[in-house]
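One structure is given below, encoded as structure tokens.
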Amino acid sequence: MSGDRSKIKDLLCNRLTECGWRDEVRLLCRNILVEKNGNNSLSVEQLIAEVTPKARMLVPDAVKKELLMKIRTILAENEGDN
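Okay, so the sequence shown: first residue is 1 according to UniProt numbering, each after it adds one.
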């Protein structure tokens with residue numbers, strides 16, 4: 001199952017890079033840092049907390065659907081192996 005997890009993770013990383021999501025999130029982080037970090041008080045945890053909901057909304061539906069189908073396929077294959 002860990003091999004499957006790695007395959008899914010690799011697929012997700014590839015798709016997010018291909019669709020430009022990673023660049024969008026990087027830009028979002030920069031904008032937040034510029035906007036809120038004038039006093040250098042924004043921690044990594046605060047940045048993550050602010051970016052995460054926005055980044056999740058930016059994931060294209062096609063990527064979500066593809067990953068869901070891949071997960072279902074893997075689960076069905078693993079169920080058949082038992």
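Glycine included, C-beta positions come from ideal geometry on N, C-alpha and C.
Give a yes or no on whether the C-beta atoms belonging to Ile-71 and Ile-8 are separated by under 8 Å.
Yes, the pair counts as a contact, with Cβ atoms nearer than the cut-off.
Starting from the C-beta of Ile-74, find all residues in its chain whose C-beta is less than 6 Å away, skip the five residues before and the five after it, and write them out in chain order.
Correct list, in chain order: Asp-4.
Please tell me whether Val-51 and Leu-28 are closer than 8 Å, where the distance is taken between their beta carbons.
Yes.
Thinking just about the alpha-carbon of each residue, which of Ala-76, Arg-30, Arg-22, Ser-2 is nearest to the one in Met-57?
Per the Cα distances, Arg-22.
Quick check on DSSP: helix, strand or coil for Leu-16?
Helix at Leu-16.
Under 8 Å, do Leu-11 and Leu-67 count as touching if we go by C-beta distance?
Contact: yes.
Going by Cα to Cα distance, which pick from Ser-6, Glu-18, Glu-45 is closest to Ala-62?
For the residues Ser-6, Glu-18, Glu-45, the minimum Cα distance to Ala-62 belongs to Glu-18.
With Val-34 and Ala-55 assumed to form a contact (beta carbons below 8 Å), what rounded beta-carbon distance in angstroms separates them?
Val-34 to Ala-55, Cβ: 17 Å. No contact.
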